[in-house]
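Following: one structure in structure tokens, then a few remarks.
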Amino acid sequence: MAPANPRIIALFDVDGTLTIPRGEVTPDMMQFMKSLSEKITVGIVGGSDLPKQEEQLGEGIAKVFPYNFSQNGLVAYKNGELQEIQTIAKFLGEDNIKKIVNWTLKYLADVDIPVKRGTFIEFRSGMMNISPIGRNCSREERNDYEKIDLAQGIRKNMVAAMQKEFADLGLTYSIGGQISFDLFPTGWDKTYCLQYLPEGDFDEVHFFGDKTFEGGNDYEIFTSERTIGHTVTSPEDTKEQCTKLFMS
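Oh and the sequence shown: position 217 is 202 in the numbering used here, straight run, nothing missing.
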């Protein structure tokens, strides 16, 4: 069933916007989103791959709302139908992928932090996700690392070093969540998904995200000329802002 205002679309980040970081959406929040989708067109745009998005938002999430974009839109669904899959390996070539992996492992060997776990590099079809502590850390270790990272600038310093080392590859680096950052070809940030939203189809394109600061993984789409950006601090804040904007 079409929403009351189909020409208004709101796109939502996942971590920190619809869920707590790496947490699962609450039943109450999901019910709110479904109610919202009766008022306006709703889309999800996350940096993680679709299996991780399903872990957080539920199995079959690509078919719940009209638009679903995982890996910033490199995997795109419209009305439950797959539109496109693009890959970083195709774009950069295996030799460059190997150079990035080898350099990253050498760099992280010299990063001194209290705890290191596993999965320091996660290769996704559209990006590489790099975590100095390792994605296998516990929630408590994740929270502790975030404090150290904020104080010492571990991820910011690593990104600066990679920008210098791989200046010729045309890569963008985006710090998101608590423990990692993404790298991907320039232009493959969340604005990539906007190509699936023809300008003639929508009067307003809203975006809600928490990492909207420069360098954050919501920054490019938040500041895009095509979007009306909204910074949120939690799922509760998302709900409150959307209620005022679309449901009053």
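Where is the CB? At the ideal position from N, CA and C, for every residue including glycine. For clarity, every value in this text was computed on a predicted model and none was experimentally measured.
Between the segment 40 to 56 and the segment -3 to 5 there are three or more inter-stretch CB-CB distances shorter than 8 Å, so the stretches are counted as touching.
Exposed is the label assigned to A94, since fewer than 16 other Cβ atoms lie within 10 Å of its Cβ.
Excluding its 5 nearest sequence neighbours in each direction, Q226 has C-beta neighbours in its own chain below 8 Å: F193, H215, V217, listed in chain order. The three-state reading of DSSP puts Q68 in strand, counting E and B together. In the DSSP assignment, the residues bridged to E189 are I(-7). The segment 177 to 191 makes no contact with the segment 124 to 139; the number of CB pairs closer than 8 Å stays below 3. Remark: C-beta atoms of P51 and T72 do not approach each other more closely than 8 Å.
G65 and V49 have their alpha carbons spaced roughly 8 Å apart. For I73, DSSP records no beta bridge to any residue. Exclusion of the five residues before and after G162 leaves D0, P6 as the residues of its chain whose Cβ lies within less than 6 Å of its Cβ.
With fewer than three CB-CB distances shorter than 8 Å, the segment 134 to 146 does not count as touching the segment 21 to 36. Between the C-alpha atoms of K132 and V100 there is a straight-line separation of about 13 Å. For V86, the three-state secondary structure derived from DSSP is helix. Cβ atoms of E205 and T176 come within 8 Å of each other, at about 5 Å. Apart from sequence neighbours up to five positions away, the residues of its chain that approach V86 with a beta-carbon distance below 7 Å are I106, ordered along the chain.
DSSP places K63 within a strand segment (E or B) once states are collapsed to three. If you look at Y52, you'll find it in the beta strand (DSSP E) that goes 52 to 55.
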